[in-house]
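Here is the structure we will look at, set down as structure tokens.
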RNA sequence: GGGCGCUUAGCUCAGUUGGCUAGAGCACCAGCUCGACAAGCUGGGGGUCACUGGUUCAAGUCCAGUAGCGCCCACCA
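In my numbering, the protein residues as written are 1 to 996.
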């Protein structure tokens, strides 16, 4: 039964249909099965901030290729999908909308209401993102979809935090944050921008204690003097050497501070060579403070006014204090002048106000031991990076062992499960403290697994107890395990409150490979699929995410979270810049899917996934009025172009992208890139090859292939298929995605379609030959469909299904009933013995002969219908071959007379094509331009002679003959012999042409 | 400043341990609507492999340096 397909492959219809089919059949759902080998990938969860972009498309396509391939290989395959709450990014986006649409801040709404709003946002975008992944063809187990704030993930986070708290890995420490005094919040590094403003550079003097000297220093922020805890000089600076170890007095607050030597902080050639050190309000000073164990005095209130540590200046705004401090110093005669200076000052993106470095209390994870273990597993190969070089990024970063600050001053995220005594209650009497401690101890004894207490010093000054003893300024912190929440009320009765902060988003992401599988419960899924097999991600988060997953995996599971880490390239725009919302140079995968089809998108993404770091993707807008492609220009990005005039139809439109702003008055362009042509064309080529088969399947009968009885061309294509299959499999194992795409493409197009299908046409007309060639055609197509399925699942299924109707039993070497879907068809593997170098050589010679004749035909523009007479001078063995293949040579090259053999005579007025193995002569009586032919031969002769000389030179080099491997030398000798023979033949042909 | 990369045809890129006259897709030129496919077929033109030096019988490939570009991290008192 044959079936006729439409002339063009229609991706849209196919995508809709097969997605539904696959989901209905539940091919993507996996359950633990101890009798089968597991394979598992967990998705890098996309942020619920917005829509997916091209980078996501790449990341997820590559995962899907691996997952579909392993599923076909028979692994019990789980691809775990999900999304990430992305703390800062998501809260910021919702807050921005709140401001734009309702003119409200988060404080107007309150914590609970804001979080509710963000959940609504999340629901909306999660749905959209999952839908996009599905449209991309991702074969995730959708029933298992997780979100990083799901109850199950909350439990994993709480359990981990509790364990780390109890084991002493989590501690309370200080950190300088970027403080926004207007919004009264810390902002992330990527939420600040730098702007040059007019500022000043003030010079003051501090009196040195014990003699009449002064030490001069300069600063751009005089008010920070109130928080100075040292003055630093360079250890080798002769001007100050004698002062090191002495102290100075800060006049305004009457505090004595030491003069220290610090070669890292101080550059003696700048300013006066002496630097005031304010550890609580400057990153470098902070580092210096740590080095020298200096006190760190915070002088700011959250609103930017000076706090009680500023003594007489308390309560005033820092800018006002800057003036006052200067005046007061001047009155004391300690002010040495001010000069204007441009200052590169950090500003908050959101409030546009200047950022203050602000020392605040934060939660940290101690990295030392955790990092060491995470390094070990990469060094000993339990976790392998592909490409290898990325292991360096990972190891270098971990080697620094910088403690991980895990608290964030946000409302959206995992709330830190720690309660502490409220500051305003104070510690009143020792009795009260004793009572609280006693009660805590009791609680802990009753609930050892649920509650853990720790105390950490706070900043602030010590106070004196009722009996005159010095009370250490400590705070008691109580951490509750997830099942300990009923104790929260009790803690609150004791005057404890929960920490308002949330955890760094990466804290929950770090648990993703096992929290998604149900940890801390001992689920069958966890036992079966953990450790997962491979993590596929981009290099940007090797440190933030990959390293932390390994750390927590080892800590919680005692086992690595995955064995392989594949890092794929980053897609840049046509100008080599990263795609980003602010530049407006992104590309929306949905635009590509709509215009080219999902398979085209996927093919191209796989094809360009080489081992390099980056790859470029020039982007064009499609004019919504006339469909012309308008390339995105670089200046568009920097000007944030809002309107583009189409050079074709002169109408205006808004440039497209994954993040277009709506504008009812202006049509928004879809985007495209010519690079996807390749994928679309390939899908169509495949489709049409199948279409050819369907037109010729009438009377198909399944049957065994007896390899040794097959004609040359069949053995050739099967040899090529066997080689291709093995190569594709190997490339997949090595994560060489680009090679996967290339290998399948070349085999399908340049060998199967260009040669085998062409050769089959004649045989299909012969009743005796027809059944066998049908079987081979069907068998090879079946193999191609399986190979191509992981990359282009939709077109593969679109052909697989009708093939099941026309040729249900098929395959190589024995026909078998086909799988109901290519998704679950077995991955092909062909006998090694089918690889047949001799067949490939023989067909290769035939191809060269055909190409030679075609070239002659094109050179002299001989009509396609005119047969050419061809004379081949070659060995008897080769002649025998050409005679066997003569029908193909005639059909594919348009040949009439074909004579071959050692004694074959040249025809009159011949044009020639010489190869090392045979000489081809085509008679061109009446067509040949003798002068042109002579010129061509002269040119060819010159090239050959040049090449010969180079080859001879090599051989005449004694070192080469002596030191190069024998086969390389022999190769060179053969080359010289071939060239000499060819030159001789060309010269002979030229002489003959002269006589004409 | 530290780290990791990139620079090969007009464009986007391959080129796995050094070894044929360096490849592909798109674009370009010429010819083809022949019963799978014009999203196609056939053939063709086009490259001093960024630059300089080194190692080697042999370098696009290895090493060093220079220039340009990109990313990550740190920093910009």
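Every residue gets a Cβ at the ideal spot worked out from N, C-alpha and C, and that includes glycine.
Spatially closest choice to residue i from the options, by CA coordinates
| i | options | result |
| --- | --- | --- |
| residue 243 | 260, 97 and 547 | 260 |
| residue 920 | 972, 960, 952 and 986 | 986 |
| residue 408 | 436, 307, 176 and 262 | 176 |
| residue 1004 | 903, 891, 887 and 591 | The structure shown has nothing for residue 1004, since the chain only spans 1 to 996. |
| residue 762 | 773, 207, 813 and 435 | 773 |
| residue 721 | 735, 241 and 776 | 776 |
| residue 311 | 224, 286 and 378 | 224 |
| residue 452 | 815, 935, 485 and 285 | 485 |
| residue 134 | 893, 402 and 16 | 16 |
| residue 580 | 564, 545 and 656 | 656 |
Residues that DSSP places opposite residue i in a beta bridge
| i | result |
| --- | --- |
| residue 614 | 570 |
| residue 355 | 180 |
| residue 871 | 899 and 921 |
| residue 258 | 247 |
| residue 818 | Answer by DSSP bridge pairing: none, since residue 818 is not bridged. |
| residue 171 | 364 |
Whole-Å CB distance - residue i paired with residue j, under 8 angstroms assumed
| i | j | result |
| --- | --- | --- |
| residue 281 | residue 359 | 7 angstroms |
| residue 514 | residue 557 | 6 angstroms |
| residue 386 | residue 567 | 7 angstroms |
| residue 501 | residue 571 | Between residue 571 and residue 501 the Cβ distance is about 35 angstroms, and since that is not below 8 angstroms, they are no contact. |
| residue 998 | residue 421 | Outside the displayed span of the chain (1 to 996) sits residue 998, for which this structure offers no information. |
| residue 781 | residue 689 | 7 angstroms |
| residue 303 | residue 181 | 6 angstroms |
| residue 227 | residue 278 | 5 angstroms |
| residue 490 | residue 443 | 7 angstroms |
Proximity of residue i and residue j at Cβ, strictly below 8 angstroms
| i | j | result |
| --- | --- | --- |
| residue 517 | residue 525 | yes |
| residue 87 | residue 45 | no |
| residue 192 | residue 355 | yes |
| residue 275 | residue 231 | yes |
| residue 788 | residue 744 | yes |
| residue 326 | residue 202 | yes |
| residue 67 | residue 791 | no |
| residue 694 | residue 5 | yes |
| residue 825 | residue 786 | yes |
| residue 703 | residue 815 | yes |
| residue 976 | residue 995 | no |
| residue 547 | residue 397 | yes |
| residue 632 | residue 622 | no |
| residue 927 | residue 989 | no |
For residue j and residue i, the rounded distance between their alpha carbons
| i | j | result |
| --- | --- | --- |
| residue 911 | residue 896 | 16 angstroms |
| residue 638 | residue 344 | At residue 638 the pLDDT is 48, less than 50, meaning the model places this residue with poor confidence; the figure from the coordinates comes in the next sentence. Between residue 638 and residue 344, the C-alpha separation is close to 22 angstroms. |
| residue 19 | residue 151 | 30 angstroms |
| residue 424 | residue 492 | With a pLDDT of only 44 at residue 424, under 50, the local geometry of the prediction cannot be trusted, and the value read off the model is given with reservation. Cα to Cα, residue 424 sits roughly 14 angstroms from residue 492. |
| residue 679 | residue 875 | 43 angstroms |
| residue 70 | residue 395 | 30 angstroms |
| residue 676 | residue 121 | 33 angstroms |
| residue 27 | residue 78 | 10 angstroms |
| residue 510 | residue 742 | 35 angstroms |
| residue 411 | residue 365 | 21 angstroms |
| residue 607 | residue 578 | 19 angstroms |
| residue 318 | residue 529 | 57 angstroms |
| residue 523 | residue 625 | 56 angstroms |
| residue 127 | residue 62 | 22 angstroms |
| residue 800 | residue 52 | 30 angstroms |
| residue 10 | residue 57 | 21 angstroms |
| residue 270 | residue 504 | 38 angstroms |
| residue 54 | residue 587 | 6 angstroms |
| residue 945 | residue 979 | 8 angstroms |
| residue 239 | residue 246 | 14 angstroms |
| residue 33 | residue 75 | 10 angstroms |
Distance cut-off 7 angstroms: residue i Cβ against heavy atoms of the ligand MN
| i | result |
| --- | --- |
| residue 138 | This structure lacks the ligand MN; in fact it carries no ligand of any kind. |
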